[in-house]
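Read through the structure below, which is laid out as structure tokens, and then see the notes.
Right under this line is the structure:
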């Protein structure tokens with residue numbers, strides 16, 4: 836199991852637009868977990884929050900059987916990653932969640948993601 840470590844968070848950057856109050860501002864985050872990097876972006880629309888991302892590996896691996904698990908208050912959601920390691924999840928109005936990514940027998944954990 837690899838516990839993901841936050842490497843970069845766009846919410847920590849200071850820009851004129853970020854300094855204004857934006858309750859539904861999108862963000863980007865980059866995590867490192869063992870040989871993997873997980874690139875996440877949050878987007879908003881009328882249906883709520885959408886989390887899009889990609890798992891990147893320093894090693895040549897197959898994402899053919901890789902799965903992502905979204906854990907939130909209202910239950911779990913499981914989806915396959917595409918062959919490039921990409922995924923998209925509809926979060927709706929959730930404010931906190933956790934992700935688990937299963938890749939070739941390994942497990943990458945991203946705990947306590949703050950959506951808003």
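In the working numbering, the protein residues as written are 836 to 951. No residue lacks a Cβ here, since even glycine has one placed at the ideal position from N, Cα and C. All values reported here derive from a predicted model rather than from experimental measurement.
Within 9 Å, strictly: CB atoms of residue 944 and residue 837: yes
Inter-residue Cα distance where the pair is residue 933 and residue 905: 6 Å
Residue 876 in three-state terms, based on DSSP: strand
For residue 888: DSSP bridge partner residues: Residue 888 is bridged to 875 and 922.
Check whether residue 922 and residue 869 have beta carbons under 9 Å apart: no
Euclidean distance between Cα positions of residue 935 and residue 885: 17 Å
Distance CB(residue 845)-CB(residue 867) smaller than 9 Å: no
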